[in-house]
Amino acid sequence: MFSFQTIIDNLPVLAASARYTLLISGAGCLLGLIFGALICVAAVSRAPAARAFAGLYVSFFRGVPLLIQLLLAFYLLPLVGVNVPALAAAIFTVGLCAAAYISEILRGALNAIPRGQAEAAIAVGLSPRHIWTRILLPQALKISMPALVNELILLVKASSLVTVVGIVEITRMSQAIASATYRPLEIYLTAAFLYLAINLVIAALGRNLERRLAW
Amino acid sequence: MMELDLFREYGPALLRGLGVTIFCWIVGTACAMALGFLLALVQRGVSARPVQWILRAYVEFIRGTPFLVQLFVLYYGAPMLGLRLDAMPAGLLGLTIYGSPYFAEIFRAGLNAVPLGQIEAARAMGFAPATILRRIMIPVMLVSALPALVNFSIILTKETVILSMITVPEIMFETQTMMAETFAFAESTLVLALFFWVFVETISRIGRRLERRATHYLLDRS
Numbered sequence: 000m001f002s003f004q005t006i007i008d009n010l011p012v013l014a015a016s017a018r019y020t021l022l023i024s025g026a027g028c029l030l031g032l033i034f035g036a037l038i039c040v041a042a043v044s045r046a047p048a049a050r051a052f053a054g055l056y057v058s059f060f061r062g063v064p065l066l067i068q069l070l071l072a073f074y075l076l077p078l079v080g081v082n083v084p085a086l087a088a089a090i091f092t093v094g095l096c097a098a099a100y101i102s103e104i105l106r107g108a109l110n111a112i113p114r115g116q117a118e119a120a121i122a123v124g125l126s127p128r129h130i131w132t133r134i135l136l137p138q139a140l141k142i143s144m145p146a147l148v149n150e151l152i153l154l155v156k157a158s159s160l161v162t163v164v165g166i167v168e169i170t171r172m173s174q175a176i177a178s179a180t181y182r183p184l185e186i187y188l189t190a191a192f193l194y195l196a197i198n199l200v201i202a203a204l205g206r207n208l209e210r211r212l213a214w
Numbered sequence: 000m001m002e003l004d005l006f007r008e009y010g011p012a013l014l015r016g017l018g019v020t021i022f023c024w025i026v027g028t029a030c031a032m033a034l035g036f037l038l039a040l041v042q043r044g045v046s047a048r049p050v051q052w053i054l055r056a057y058v059e060f061i062r063g064t065p066f067l068v069q070l071f072v073l074y075y076g077a078p079m080l081g082l083r084l085d086a087m088p089a090g091l092l093g094l095t096i097y098g099s100p101y102f103a104e105i106f107r108a109g110l111n112a113v114p115l116g117q118i119e120a121a122r123a124m125g126f127a128p129a130t131i132l133r134r135i136m137i138p139v140m141l142v143s144a145l146p147a148l149v150n151f152s153i154i155l156t157k158e159t160v161i162l163s164m165i166t167v168p169e170i171m172f173e174t175q176t177m178m179a180e181t182f183a184f185a186e187s188t189l190v191l192a193l194f195f196w197v198f199v200e201t202i203s204r205i206g207r208r209l210e211r212r213a214t215h216y217l218l219d220r221s
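As given, the protein sequences belong to chains A and B, one line each in that order.
With the first letter of the first sequence counted as 1, position 102 gets the number 101 in numbering that gives the first Met the number 0; the numbers rise by one all the way through.
With the first letter of the second sequence counted as 1, position 29 gets the number 28 in numbering that gives the first Met the number 0; the numbers rise by one all the way through.
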C-alpha cells in the first residue's frame, strides 16, 4: 500500500527543489538582518518620527499573515510599475517580514548590553555610526544568535508559502509530483521530512556556532 | 481603482468567510490548547522511556515542518490511510496538531514554575492528585503561562489563512474566489491585508487586557 518506490523515484527531484527553499529562507534571513538592524536603530532612536515608523512597520509586518504579504507584493508591485521576477519579489517580501521579527530580537538584545558601553563610546568620542557598527550591533548579534537561528528555522517553514506566487520550491514541487503520481501521502510526508532534515541541520549548526561565540 | 461596489456585492460571502476564520481560530486554538495540556501532563507524569521518545519525536516533527505541508498530509494524504476528512475538519485537526507542541511547551514551563513546596504541602494535607492539579497547580501555572498562551493564540490567527490552501472557506478563500471572478487582485489583497492588520492589533489589545484581568483574578484567589 505505502509505496517506498514512489519516494525513492521522486526524492532526487524533490531534494533538488530544496535549493529554492534554502535560497528564499537564507536570502530572506540576510535581508531581514540588514533591514531588521535598521528598523532596530530607528526603534531606539531619539527622533519620534523614526520611532513611530519602526512601530508601524513592526506592527504591520507582524500583524498581516505572510501569505497575504506575498500576494500583496505579487499583485501590487506591478501596479506601481515595479516589474521584478516572482522569485525576487518573494525573497524581498520574506526579508521585509523577517526584518520586523529580527528588529524586535535585536532590540531585546540591546537591552542586555550594559548602558556604560554606549556611554563610554560617547565619552571617547566615537561617532554614532561607529557606536552602532563597532559596539552595539556586533554584541547584539552575538547575544541574539539563538533567537536568530530560531528565526531562520521559522523562515524555512514560512518559505513553503511562496508556492502561492508560483515558485517551485519543496512544497510546490511536492504538489506537482503528488498530482502526477497520485501518491500524496508518500510525497507530502517526504516533503515534510525534507523540511525536518533541513531544520535539524540548521539547529545543529546553530548550536555549534553558539558554542564558538561563547564569551 | 478602488471599486467599492465589489465589496457590496461580495460582502455577505466575505462576512461568512470572516465567521469561518474566527470559528476555526477559536475552535482550533481551544483544541490545540487541550491537546498541548495533555501532552504536558504526559511528559511530566509518565516517565516510561518509549513514551518520552514518542513525545519528543512528535514535537520535533510538528515543530520542524511547515503548517502548509502538515495540512497537505492531513487533507490529501490521510485518505490513503482511510482517514477521509472534509476541508473544515481537516483544517481544525491541522490547527490542533500544529499548535499542540507549542502549547505543550508553554504548559510544561508553567507547571515547572509551580513551587514544589506548594504541591508537597497539598499532598501532606491529603489532597487527591486530581484536586492538587485542579486547585493548586493549574491556577498557579496559569499566572505565569498566560502571557505566552495569549501570545501564541494571537500567532494562530495568522495561521488560519493557510487553511484557504486546502479550500476551507475562510476569509482568504472567499477573497480569492472574489478575485478570480472580478480580477480585482490588488485592491482585494490590500483590503484583506489592512483588515488583518486591524484584526490582529485589536485581538492583541483585548488579549493583553484579558491577560491582566485574569492574572489579578488568579492572584486574588490563590
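The C-beta atom is built at its ideal place from N, Cα and C for all residues, glycine as well.
- prompt: If we ignore side chains and look at the alpha-carbon of each, how far apart do MET0 of chain B and VAL139 of chain B end up?
  reply: Locating residue 0 of chain B in the second sequence gives position 1, where the first residue counts as 1. Locating residue 139 of chain B in the second sequence gives position 140, where the first residue counts as 1. Residue confidence for MET0 of chain B is low, a pLDDT of 47 falling below 50, so the modelled location carries little weight and cannot support an answer.
message: Taking beta-carbon pairs under 7 Å, can you tell me which members of the segment 171–198 of chain A lie near chain B?
response: So the list reads ALA177, PRO183, LEU184, TYR187, LEU188, ALA190, ALA191, TYR194, LEU195 and ASN198, given in the order they occur along the chain.
- prompt: Assuming ASN89 of chain A contacts LEU69 of chain A under a Cβ cut-off of 8 Å, what Cβ separation, rounded to an integer in Å, is found between them?
  reply: The sequence position of residue 89 of chain A within the first sequence is 90, counting from 1. The sequence position of residue 69 of chain A within the first sequence is 70, counting from 1. One detail in the question is off: residue 89 of chain A reads as Ala in this sequence, not Asn. Yes, they are in contact, since the Cβ atoms of ALA89 of chain A and LEU69 of chain A sit about 6 Å apart, within 8 Å.
message: Taking CB distances under 7 Å as the criterion, tell me whether GLY165 of chain A reaches chain B.
response: What you label residue 165 of chain A is simply residue 166 of the first sequence in a count that begins at 1. So no, GLY165 of chain A is outside the interface.
- request: Just mark MET0 of chain A as buried or exposed, buried being the case when its beta carbon has 16 or more other beta carbons within 10 Å.
  value: Position 1 of the first sequence, counted from the first residue, corresponds to residue 0 of chain A. Classification for MET0 of chain A: exposed.
field: Supposed close pair GLY16 of chain B, PRO168 of chain B - CB separation, criterion 8 Å
entry: The residue you call residue 16 of chain B lines up with position 17 of the second sequence. The residue you call residue 168 of chain B lines up with position 169 of the second sequence. Indeed they touch by this definition, with Cβ atoms about 6 Å apart.
- request: Measure the C-alpha to C-alpha separation of ILE166 of chain A and TYR19 of chain A and round it to an integer number of angstroms.
  value: Counting from one through the first sequence, the residue named residue 166 of chain A turns up at place 167. Counting from one through the first sequence, the residue named residue 19 of chain A turns up at place 20. C-alpha separation (whole angstroms): 8 Å.
field: Nonlocal neighbours in the same chain, by C-beta distance under 7 Å from SER16 of chain A, ignoring five residues either side
entry: Within the first sequence, the letter at position 17 stands for residue 16 of chain A. Around SER16 of chain A: VAL167, GLU168, ILE169 and MET172.
THR159 of chain B to ILE137 of chain B span [Cα, whole Å]: By 1-based counting over the second sequence, the position of residue 159 of chain B is 160. By 1-based counting over the second sequence, the position of residue 137 of chain B is 138. Rounded to the nearest angstrom, the two C-alpha atoms are 28 Å apart.
message: Less than 7 Å between the C-beta atoms of PRO65 of chain B and SER24 of chain A, yes or no?
response: Taking the first residue of the second sequence as position 1, residue 65 of chain B is located at position 66. Taking the first residue of the first sequence as position 1, residue 24 of chain A is located at position 25. Their beta carbons are not under 7 Å apart, which means PRO65 of chain B does not touch SER24 of chain A by this criterion.
field: Per-residue DSSP class, three states only, for ARG182 of chain A
entry: For the purposes of this step, residue 182 of chain A is taken as residue 183 along the first sequence, with counting starting at 1. If DSSP states are grouped into helix, strand and coil, ARG182 of chain A belongs with coil.
Range covered by the alpha helix (DSSP H) that runs through PRO49 of chain B: By 1-based counting over the second sequence, the position of residue 49 of chain B is 50. Its alpha helix (DSSP H) spans residues 48–63.
field: Contact with chain B by VAL63 of chain A, beta-carbon distance below 7 Å
entry: Your numbering for residue 63 of chain A matches position 64 in the first sequence. It does: the Cβ of VAL63 of chain A has a partner Cβ on chain B nearer than 7 Å.
query: Between the segment 81–97 of chain B and the segment 202–213 of chain A, do at least 3 Cβ pairs fall closer than 8 Å?
result: no
message: At the 7 Å Cβ level, is PRO145 of chain A part of the contact set with chain B, yes or no?
response: Along the first sequence, one-based indexing puts residue 145 of chain A at 146. No - not a single Cβ of chain B is within 7 Å of the one on PRO145 of chain A.
- prompt: What distance in whole Å lies between the Cβ atoms of ALA157 of chain A and LEU65 of chain A, which are believed to be in contact at a cut-off of 8 Å?
  reply: Position 66 of the first sequence holds residue 65 of chain A. Position 158 of the first sequence holds residue 157 of chain A. So it is a contact: roughly 6 Å between Cβ atoms.
Beta-carbon separation (whole angstroms), PHE60 of chain A vs LEU105 of chain A, contact threshold 8 Å: Locating residue 60 of chain A in the first sequence gives position 61, counting from the first residue. Locating residue 105 of chain A in the first sequence gives position 106, counting from the first residue. 15 Å between Cβ atoms; not a contact.
task: Identify the contact partners of SER102 of chain A in chain B, using a Cβ-Cβ distance below 7 Å as the criterion.
output: In the first sequence, residue 102 of chain A corresponds to position 103, counting from 1. The contacting residues do not exist; SER102 of chain A stays about 17 Å from chain B at best.
query: Of all the residues that make up the segment 171–185 of chain B, which are near chain A by a beta-carbon distance shorter than 8 Å?
result: MET171, PHE184 and ALA185
message: To be precise: take each residue of the segment 74–102 of chain B, compare its Cβ to all Cβ atoms of chain A, and keep it if any distance is under 9 Å. Which residues remain?
response: TYR74, TYR75, GLY76, ALA77, PRO78, MET79 and LEU80
- prompt: DSSP three-state call for ILE205 of chain B: helix, strand or coil?
  reply: Taking the first residue of the second sequence as position 1, residue 205 of chain B is located at position 206. ILE205 of chain B falls in the helix class under three-state DSSP.
Backbone CA spacing between GLY125 of chain B and VAL57 of chain A [nearest angstrom]: Locating residue 125 of chain B in the second sequence gives position 126, where the first residue counts as 1. Locating residue 57 of chain A in the first sequence gives position 58, where the first residue counts as 1. Using only the alpha carbons, I get a separation of about 51 Å.
- prompt: Roughly how many whole angstroms lie between the Cα atoms of LEU22 of chain A and LEU154 of chain A?
  reply: Within the first sequence, the letter at position 23 stands for residue 22 of chain A. Within the first sequence, the letter at position 155 stands for residue 154 of chain A. Cα to Cα, LEU22 of chain A sits roughly 11 Å from LEU154 of chain A.
query: For PRO183 of chain A, is the classification buried or exposed, using 16 other Cβ atoms within 10 angstroms of its Cβ as the cut-off for buried?
result: Numbered from its first residue, the first sequence carries residue 183 of chain A at position 184. Flag for PRO183 of chain A reads buried.
query: For the candidate residues A:GLN138, A:LEU136 and A:ALA203, whose alpha-carbon lies nearest to that of ILE152 of chain A?
result: The residue labelled residue 152 of chain A in the question sits at position 153 within the first sequence. Considering only alpha carbons, the answer is A:ALA203.
message: For ALA103 of chain B, report the span of its alpha helix (DSSP H) as first-last.
response: Numbered from 1 along the second sequence, position 104 holds the residue referred to as residue 103 of chain B. It spans 86–111 - the alpha helix (DSSP H) in which ALA103 of chain B sits, taken as one unbroken run.
- request: Identify the contact partners of SER159 of chain A in chain B, using a Cβ-Cβ distance below 7 Å as the criterion.
  value: Taking the first residue of the first sequence as 1, we reach residue 159 of chain A at position 160. Within 7 Å Cβ-Cβ: PRO65, LEU67 and VAL68.
task: For ILE161 of chain B, return the contacting residues in chain A, with the cut-off set at a CB-CB distance below 8 Å.
output: One-based indexing of the second sequence puts residue 161 of chain B at position 162. At a beta-carbon threshold of 8 Å, the residues of chain A lying near ILE161 of chain B are PRO64, LEU66 and LEU160, ordered along the chain.
query: Could you give the C-beta distance for LEU199 of chain A and GLY35 of chain B, rounded to a whole number, given that I count them as a contact under 8 Å?
result: Residue numbering aside, residue 199 of chain A sits at position 200 when the first sequence is read from its first letter. Residue numbering aside, residue 35 of chain B sits at position 36 when the second sequence is read from its first letter. At roughly 22 Å, the Cβ-Cβ gap does not stay under 8 Å, so LEU199 of chain A and GLY35 of chain B are not in contact.
query: Do you know offhand how far PRO127 of chain A's Cα is from SER143 of chain B's?
result: Along the first sequence, read from residue 1 onward, the residue named residue 127 of chain A stands at position 128. Along the second sequence, read from residue 1 onward, the residue named residue 143 of chain B stands at position 144. Approximately 39 Å, taken between the alpha carbons.
query: Leaving out five residues before and five after CYS39 of chain A in sequence, what residues of the same chain have Cβ atoms less than 6 Å from its Cβ?
result: By one-based count along the first sequence, residue 39 of chain A stands at place 40. The residues are SER102, LEU105 and ARG106.
Residue span of the alpha helix (DSSP H) that contains ILE7 of chain A, given as start and end: Start at 1 with the first residue of the first sequence, and residue 7 of chain A comes out as number 8. Counting along the chain, the alpha helix (DSSP H) containing ILE7 of chain A begins and ends at 3–42.
- request: Please name the residue, chosen from A:ALA108, A:ASN149 and A:ALA179, that lies closest to LEU135 of chain A on a Cα-to-Cα basis.
  value: Residue mapping note: residue 135 of chain A aligns to position 136 of the first sequence, counting from 1. Out of A:ALA108, A:ASN149 and A:ALA179, A:ALA108 has the C-alpha closest to the C-alpha of LEU135 of chain A.
- request: Select from B:ALA147, B:ALA129 and B:GLY76 the residue whose C-alpha is nearest the C-alpha of GLU104 of chain B.
  value: Residue 104 of chain B sits at position 105 when you count from the first residue of the second sequence. With distances taken between Cα atoms, GLU104 of chain B lies closest to B:ALA147.
- prompt: Is there contact here, the segment 72–82 of chain B with the segment 128–135 of chain B, by at least three beta-carbon pairs under 8 Å?
  reply: no
message: Against chain A, with Cβ distances strictly below 7 Å, would ARG188 of chain B count as a contact?
response: Taking the first residue of the second sequence as position 1, residue 188 of chain B is located at position 189. Sequence inspection shows Thr at residue 188 of chain B; the Arg mentioned does not correspond to that position. So yes, THR188 of chain B belongs to the interface.
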